[in-house]
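From first to last, the protein sequence lines stand for chains A and B. Take any residue in the first sequence, count from 1 to its spot, add 237: that is its number in the working numbering. Take any residue in the second sequence, count from 1 to its spot, add 900: that is its number in the working numbering. A virtual CB, placed ideally from N, CA and C, is assigned to each residue, including glycine. The structure appears below as structure tokens.
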Amino acid sequence: MISSNLSNRLIFIFSLLGLFVSSFLLYEYTITGPIVCPIGGGCDTVRSSVYSHILGIPVPILGIAFYLGMAVLSVVHSQKSVQKIIKKLQLLGAVAAVAFGVYLTFLEAFVIKAFCFWCVLSFIISVIILLAVVSARKEDYDNGN
Amino acid sequence: MTTETKILGVILILTVVLLGGGVFFLSKGLSNVKSTEEASVAQIDYSRGEKIGSDSAKVKVVEFSDLQCPACLAAEPIVKKLRADYPDQVQLIYRHFPLPQHTHGREAAILAEAAGQQGKFWEIHDKLFETQAEWSGLTDVNNFFMDLSKQVGLDENKLKQDMAGNPVKSKIDSDVADGQSLGVNSTPTFYVNGHKVVLQSFDDLNTAVAQELKK
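So, in structure tokens, the structure goes:
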């Protein structure tokens, strides 16, 4: 298990990584040419599917909102006075993001039948963030906080 | 405020400014290109390519496509819808633009053109798209393609002759050369009455056609 401070820094670093991935994908959504897709080559198929937008919002924007939110929370987290509520929000955000990621990855595997490298990478980043949040909570719990 | 809050805060702000600026300027640069592309009417030779619909149709939709490209496959439903919705008003013209990264793209184009010599271009075109996922990953597509050609009732000997012949290959080469001179660099690329359509979604193609019909 890792300390609360270390996990917070991990959450911060991975949120920034996620921001890079989501911003890159948003940029790729604004162009019509093929997406740079390092593994698998399914990015174009995923982008052109009906699942690339939810209620008219491009999925990468949801990713940016999540990672930005998580990054802001980890900045505020270093203030001792608000840590309890921040930790709750971090858990809530990370669980929601991973659940949404599971749904999107399920769609890629069984409905669209093509994997988009950047989407899968973003899903992995969100899982790491969730693990960091959970392991810090466990550490707090073990210490009786 | 703790030192950590300040450091993390500064890093976050810098990252957001960097990313926001990057996406903004790159997209802006792109939209400038788009508007000039949209404004000009491309000089397309409408005598070339495989056609569906009348030569006197009001709207001519030219598609530069690669039979192995997944995005072209994804565009198929909307192209088919155009064919069904405007049988008399729209002429659809297919031009080959096999991309180098698609290892069987050119072979598929050769098969389709050779089938065209027997009047079955569109039948094999549809079959190739339907089965794209099955043949894209194969090392050797020959047997698969021969099976497909049997399914659409092609004469195998004539097909083999045509596939090896120069007319078919030079037709594909001239499609590619025309595409390159128009500035096509990805597939599918659509022109509606000479206007390059910049697609955010495939519905934009429908919108562009509807606009041309109103003119």
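Contact check between the stretch 239-248 of chain A and the stretch 277-290 of chain A: fewer than three CB pairs, one atom from each, fall below 8 Å, which does not count as touching. Secondary structure note for residue 1049(B): it is in no beta strand (DSSP E), and the uninterrupted alpha helix (DSSP H) holding it is 1042-1051. For residue 301(A), the number of other beta carbons within 10 angstroms of its own is at least 16, and it is reported as buried. For residue 1088(B), the closest Cβ of chain A is not nearer than 7 Å. Nearest CB-CB separation between residue 342(A) and chain B: not below the 7 Å threshold. Residue state for residue 320(A) is assigned as helix, using DSSP reduced to three classes. Note on geometry: alpha-carbon atoms of residue 1028(B) and residue 1037(B) lie some 13 Å from one another. As for any beta strand (DSSP E) of minimum length 3 sitting wholly inside the stretch 976-1012 of chain B, the runs are 990-996, ordered along the chain.
For residue 1096(B), the three-state secondary structure derived from DSSP is strand. Within chain B, the residues placing a beta-carbon under 8 Å from that of residue 281(A) are 969, 970, 971, 974, ordered along the chain.
Around the CB of residue 1008(B), 16 or more other CB atoms lie within 10 Å, so the residue is classed as buried. Fewer than three Cβ pairs drawn from the stretch 907-926 of chain B and the stretch 949-965 of chain B lie within less than 8 Å of each other, which leaves the two stretches out of contact.
By the C-beta criterion, the stretch 1071-1083 of chain B is judged to be in contact with the stretch 991-1004 of chain B, since at least 3 inter-stretch pairs fall below 8 Å.
Checking the DSSP bridge columns, you'll see residue 352(A) has no partner listed.
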